Structure formats: C-alpha cells, structure tokens
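This report concerns only the one structure given below.
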Amino acid sequence: MMMRSTISILLLFLSLVCSGQNSDIKEQAVQSDTIAYRNVSTLLVPIAFYSPETNFAFGGGMQMFFKTGKSNSEVLNSTVLASAIYTLNKQLIVEVQPQIYFNYEKYFLDTKFRYKVFPNLFWGIGPNTPKTAEENYNQTEISLEAKFIKSLPSNVNFGFAFNFSDFNVTEVTNGGILDSDQVAGSNGATLVGVGIVLNIDSRDNKFSPLRGGFYQFNTNFTSKTLGSTHSFNTYFLDARKYLNLGNNKILALQVYSRLTFGDSPFQAKAYYGGADVARGYFKGRYIDDHLYVVQMEYRQPISRRWELAAFALTGNVGHNESGHGLFNDFKTSFGAGPRFFLYKNKRTLLRLDIGVNREGESGIYFGVNEAF
Numbered sequence: 024m025m026m027r028s029t030i031s032i033l034l035l036f037l038s039l040v041c042s043g044q045n046s047d048i049k050e051q052a053v054q055s056d057t058i059a060y061r062n063v064s065t066l067l068v069p070i071a072f073y074s075p076e077t078n079f080a081f082g083g084g085m086q087m088f089f090k091t092g093k094s095n096s097e098v099l100n101s102t103v104l105a106s107a108i109y110t111l112n113k114q115l116i117v118e119v120q121p122q123i124y125f126n127y128e129k130y131f132l133d134t135k136f137r138y139k140v141f142p143n144l145f146w147g148i149g150p151n152t153p154k155t156a157e158e159n160y161n162q163t164e165i166s167l168e169a170k171f172i173k174s175l176p177s178n179v180n181f182g183f184a185f186n187f188s189d190f191n192v193t194e195v196t197n198g199g200i201l202d203s204d205q206v207a208g209s210n211g212a213t214l215v216g217v218g219i220v221l222n223i224d225s226r227d228n229k230f231s232p233l234r235g236g237f238y239q240f241n242t243n244f245t246s247k248t249l250g251s252t253h254s255f256n257t258y259f260l261d262a263r264k265y266l267n268l269g270n271n272k273i274l275a276l277q278v279y280s281r282l283t284f285g286d287s288p289f290q291a292k293a294y295y296g297g298a299d300v301a302r303g304y305f306k307g308r309y310i311d312d313h314l315y316v317v318q319m320e321y322r323q324p325i326s327r328r329w330e331l332a333a334f335a336l337t338g339n340v341g342h343n344e345s346g347h348g349l350f351n352d353f354k355t356s357f358g359a360g361p362r363f364f365l366y367k368n369k370r371t372l373l374r375l376d377i378g379v380n381r382e383g384e385s386g387i388y389f390g391v392n393e394a395f
C-alpha cells in the first residue's frame, strides 16, 4: 500500500511540475488610488497531493508576487498565496495569505484567512495516548491571523498580532472521548487573542533560504474579555539557522517550542505531527499544552531547478509547567524528498516529502516552499 501511494504521489508531483512550467505567468504594473504595485507576476497551478490527515486532495492555487510603489529591495517580494482544496476525506480547505511590505520594506503585514470543513481523528490529550483510543470527529473552522511588524536596525523586527478563530464541532463519535464533555472545546470554541512578535531575521530568502538565521518569540493572550469562550496564554519560540556548505548545499536547523498556560480548548493546544512541525506523524496524533521539536534537514541541488532533501527530527508534548512527559519519551522520525523550483530566478518551490516515524508509520507530504 505504501509503495502504491508513493508511486501515485510521484505521478501527481510530476504532473504539477509540468503544469507549473506552463502556467499563466504575467508581469505588469498596477496603479490604484491609494497604492502602486509593480513587477507583478502570477503563477497558477493545479494542486493534487496526499497526506495522512487528508487522503488524496485536489484543487487549485495562485501565488502572486509584486512590489509596492515604495520598494528598494531586490530580494523581498510581497506575495498573495491563495488556494482551495477538497479531499477524499470530504474536507474543504480555503486559504488566502497576503504578505505585504510597505514603505521601503520598513513595515510588513502578514495575514492569513482560513475556512475549513475538516473531519479528523482524535486520540485524547497527552504524550502517551494509545492508538486504540482513535475516534472520529467533524469540525468547521473560520480563522483570521494578522501580524503587523516594524523593521528595526540589525535585522530586528517588532510588531503586534491579532488572532480570531471560531471552531464548531459538528459531529463526534458516540461514547467517545469528545462525547463525554470532559475535553475543553468538545462543544466548540471561539477564540480571540492579541500578542506581540519579536524576531531577528537575517535570511536571504523567506521561502528557501541559502544562508542566515531566523529567531522569533511570539506571544498570544486569549481572553474572555475580548470575546473568547476560554482564557489562556501561549508562547512560541522558533529558532532556525541555515548553513551554506558550498555550491548551495544547505544544512538547515530548527528548534521550535510552544507553551500554553490556562484554560485552553483542545483546538488551541500544541499538535505534534504534520507537514511542517513533525513530518512522519499524523498531525494531532499527540496533543498537549506544551511541545518542542528539534529538526535538521540537508538540501542538495541536483540541477538548476531540482533539489533533494533529507531530514531527521525528534520532540514530544507535555502537560504542565514542570515539563513532565516532555523529555521522557522522544518521538523521532526521518525522511526525504525532492523539490522543484517554480521560477528560474525565485526560490519558490514545490516539495514532496516521505516521513517515517519510530513506530514504522509513514506520511507523504506535498507542499509549497520548505517546511522551515
């Protein structure tokens, strides 16, 4: 079964590559009453992929690159990434993600809107939930994230964040964990939060860096005062380093941690697994208040527009301030996959990864740009 899935994904990946090479790419200048845009280019591609969380998925996507009228950077491009996807698990995912630089790259607006109808799996809360606890549930999500960041000297960036999410749990397994009403969020949740963003970003490219580093600390304070159904605080730490070993051979390193304190529903806790945080594990196989992941990835160019990557990672989740469980049972995985650069002069890429975890379970992931 694994081999058949792998072959199918490779064929889908190759079809995407061919479509990407012949996509509608246009460059133009646009003038509005409030702001000017220039060097506008668009890339339209069909989307077809497989992941453990979605089964086979199909849809379409568009990425637009542009520069605002007040821009003096040859490296930084404003982008809008939009996609609509339907999966064989009857999931619908619609995302729009504008990332816009203003006033000669001194200000950055990073936003994401998401609408999801997402039947999913749940095993309970904690680092040692058994496979036999697996149950189904269905949930609709509407969310909006926005960060407004000011660029400071020495690659330092500081700003503020706003988060809104509305989760509507529409179906649970009769007699299951979520049906018992013992898990916060089992009847849905509305979350409104604000926070701060502080980072040092010396990467030469946000999509697939060749050198530099990224060190970010985020907070999110979700409160009933703002209209939430729950009150809790979340802290994020994301540290990445990119070592160029010569001829664009890259060793990428990341330490990621997420800590949650307070009355958080299961939707707002840390999810171990998925295409970015811990490839090889089903996203949400382990859920808890706290999480950390340490991962490395080696990226080897094989031609002007193709690259191979291999990765390994470890980490865990835990449920209290003392870190109980976090360092008792490491959850490790490794894998590899190809990358294809959509433009000859931009490091925007499609990637395909196959990850295998320590229990021998595997996941296949297709995405746009690197995992980190």
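Start counting the sequence shown at 24; every next residue gets the next number (this note's numbering). Ideal Cβ positions, reconstructed from N, Cα and C, are used throughout, including at glycine. Because the structure is a prediction, the values reported are computed rather than measured.
Taking C-beta to C-beta, are Gln-323 and Lys-369 nearer than 8 Å? Mapped onto the sequence shown, residue 323 falls at position 300. Mapped onto the sequence shown, residue 369 falls at position 346. In this structure, the beta-carbon distance from Gln-323 to Lys-369 does not fall below 8 Å.
For Ile-310, is the classification buried or exposed, using 16 other Cβ atoms within 10 angstroms of its Cβ as the cut-off for buried? Here residue 310 corresponds to residue number 287 of the sequence shown, with the count starting at 1. Within a 10 Å sphere around the beta-carbon of Ile-310 sit 16 or more other beta-carbons, which makes this residue buried.
Kindly indicate which three-state DSSP category Asp-189 falls into: helix, strand or coil? Working through the sequence shown from its first residue, we reach residue 189 at position 166. Reduced to three states, the DSSP call for Asp-189 is strand.
What do you get for Tyr-127, buried or exposed, if any count of 16 or more other CB atoms within 10 angstroms of its CB means buried? Walking along the sequence shown from the start, residue 127 turns up at place 104. It is exposed - the Cβ of Tyr-127 has fewer than 16 other Cβ atoms within 10 Å.
Rounded to whole angstroms, what is the Cα-Cα separation between Gln-114 and Asn-161? Reading the sequence shown from its first residue, position 91 is the one you call residue 114. Reading the sequence shown from its first residue, position 138 is the one you call residue 161. Rounded to the nearest angstrom, the two C-alpha atoms are 9 Å apart.
Indicate whether Asp-299 and Ala-394 have their beta-carbon atoms separated by less than 8 Å. Start at 1 with the first residue of the sequence shown, and residue 299 comes out as number 276. Start at 1 with the first residue of the sequence shown, and residue 394 comes out as number 371. Cβ atoms of Asp-299 and Ala-394: closer than 8 Å.
Does the segment 317-332 come close enough to the segment 358-376 to have 3 or more Cβ pairs within less than 8 Å? Between the segment 317-332 and the segment 358-376, the count of C-beta pairs closer than 8 Å reaches three or more; the two stretches touch.
Complete runs of the alpha helix (DSSP H) confined to the segment 92-128 [at least 4 residues]: The DSSP assignment places no complete alpha helix (DSSP H) segment of no fewer than 4 residues inside the segment 92-128.
Output the distance between the C-alpha atoms of Ile-377 and Asp-204, rounded to the nearest integer angstrom. For the purposes of this step, residue 377 is identified with residue 354 of the sequence shown, where counting begins at 1. For the purposes of this step, residue 204 is identified with residue 181 of the sequence shown, where counting begins at 1. Whole-angstrom Cα-Cα distance: 36 Å.
Expressed to the nearest angstrom, what Euclidean distance is found between the alpha-carbon atoms of Gly-297 and Leu-221? If you number the sequence shown from 1, residue 297 lands on position 274. If you number the sequence shown from 1, residue 221 lands on position 198. Between Gly-297 and Leu-221, the C-alpha separation is close to 25 Å.
Below 8 Å, can you find three or more Cβ-Cβ pairs linking the segment 197-214 to the segment 140-158? Look at the beta carbons and you see the segment 197-214 touching the segment 140-158: at least three pairs across the two are nearer than 8 Å.
Compare the Cα-Cα distances from Arg-374 to each of Phe-334, Asn-339, Phe-353 and report the closest residue. As a first step, residue 374 must be located in the sequence shown, where it is residue number 351. Considering only alpha carbons, the answer is Phe-334.
Helix, strand or coil: which one does DSSP assign to Lys-367? Working through the sequence shown from its first residue, we reach residue 367 at position 344. Reduced to three states, the DSSP call for Lys-367 is coil.
With distance defined between alpha-carbon atoms, name the residue in Ala-80, Asp-312, Tyr-238 nearest to Val-179. For this step, residue 179 is matched to residue 156 along the sequence shown. Nearest C-alpha to Val-179 among Ala-80, Asp-312, Tyr-238: Tyr-238.
Going by Cα to Cα distance, which pick from Lys-129, Gln-290, Ala-262, Arg-381 is closest to Gly-147? One-based indexing of the sequence shown puts residue 147 at position 124. Minimum Cα distance to Gly-147 is reached at Gln-290.
For Ser-280, three-class secondary structure by DSSP: In the sequence shown, the residue the question calls residue 280 occupies position 257. Per DSSP, reduced to three states, the secondary structure at Ser-280 is strand.
Beta-carbon within less than 6 Å of Tyr-321's beta-carbon, same chain only, minus the 5 sequence neighbours each way: which residues are those? Numbered from 1 along the sequence shown, position 298 holds the residue referred to as residue 321. Counting only Cβ-Cβ distances below 6 Å, and skipping sequence neighbours, we find Leu-274, Ala-333.
Between the CA atoms of Leu-66 and Gly-83 - distance to the nearest angstrom: Walking along the sequence shown from the start, residue 83 turns up at place 60. Walking along the sequence shown from the start, residue 66 turns up at place 43. Each residue's Cα considered, the two are about 11 Å apart.
Starting from Leu-323 and walking both ways along the beta strand (DSSP E), at which residues does that stretch end? Position 300 of the sequence shown, counted from the first residue, corresponds to residue 323. Residue 323 is actually Gln in this sequence, not Leu. Per DSSP, Gln-323 belongs to the beta strand (DSSP E) from 313-324.
Helix, strand or coil, according to DSSP, for Gln-51 in the structure here? Along the sequence shown, read from residue 1 onward, the residue named residue 51 stands at position 28. Caution is warranted here: a pLDDT of 44 is assigned to Gln-51, below 50, making its placement in the model unreliable, and no coordinate value can be reported.
Which residue wins for smallest C-alpha separation from Leu-260, given the options Leu-249, Ser-231, Ile-219, Phe-230? Taking the first residue of the sequence shown as 1, we reach residue 260 at position 237. Minimum Cα-Cα distance from Leu-260 among the listed residues Leu-249, Ser-231, Ile-219, Phe-230 corresponds to Ile-219.
Take Gly-386 as the anchor and find which of Phe-350, Ala-301, Tyr-366 has the nearest alpha-carbon. As a first step, residue 386 is located in the sequence shown; it is residue number 363 there, counting from the start. Gly-386 has its Cα closest to that of Ala-301, out of Phe-350, Ala-301, Tyr-366.
Please return the same chain residues whose Cβ sits closer than 6 Å to the Cβ of Pro-121, not counting the five positions on each side in sequence. One-based indexing of the sequence shown puts residue 121 at position 98. Val-103, Thr-134, listed in sequence order.
Per DSSP, the bridge partner or partners of Thr-152: Here residue 152 refers to the residue found at position 129 when the sequence shown is read from its first residue. Residue pairing by DSSP leaves Thr-152 without any beta bridge partner.
Where Ser-203 falls: helix, strand or coil (DSSP): The residue given as residue 203 occupies position 180 in the sequence shown. If DSSP states are grouped into helix, strand and coil, Ser-203 belongs with the helices.
For Leu-268, the three-state DSSP class (helix, strand or coil): Stepping through the sequence shown from its first residue, residue 268 is reached at position 245. Residue state, collapsed to three classes: coil.
Pair within 8 Å by beta-carbon distance, Ser-101 and Ile-123: One-based indexing of the sequence shown puts residue 101 at position 78. One-based indexing of the sequence shown puts residue 123 at position 100. Inclusion of Ser-101 and Ile-123 in the CB contact set at 8 Å is warranted, their separation being smaller than that value.
Cβ neighbours of Ser-231 in the same chain (closer than 7 Å, five flanking residues each side left out): Locating residue 231 in the sequence shown gives position 208, counting from the first residue. Arg-370, Leu-372, Asn-392, Glu-393.
Three-way DSSP call (helix, strand, coil) for Thr-248 in this model: Start at 1 with the first residue of the sequence shown, and residue 248 comes out as number 225. Three-state result, Thr-248: helix.
Bridge partners for Phe-395 per DSSP, in chain order? Counted from its first residue, the sequence shown places residue 395 at position 372. Beta-bridge annotation (DSSP): Phe-395 is not paired with any residue.
Could you check the C-alpha separation between Tyr-73 and Phe-389 for me, to the nearest Å? Within the sequence shown, residue 73 is the residue found at index 50, counting from 1. Within the sequence shown, residue 389 is the residue found at index 366, counting from 1. Between Tyr-73 and Phe-389, the C-alpha separation is close to 7 Å.
Alpha-carbon spacing of Gln-86 relative to Asn-351, whole angstroms: Position 63 of the sequence shown, counted from the first residue, corresponds to residue 86. Position 328 of the sequence shown, counted from the first residue, corresponds to residue 351. Gln-86 and Asn-351 have their C-alpha atoms spaced approximately 42 Å apart.
Whose CA, out of Tyr-366, Phe-190, Met-319, Val-217, lies closest to the CA of Ile-165? Here residue 165 refers to the residue found at position 142 when the sequence shown is read from its first residue. Nearest to Ile-165 by alpha-carbon distance, out of Tyr-366, Phe-190, Met-319, Val-217, is Phe-190.
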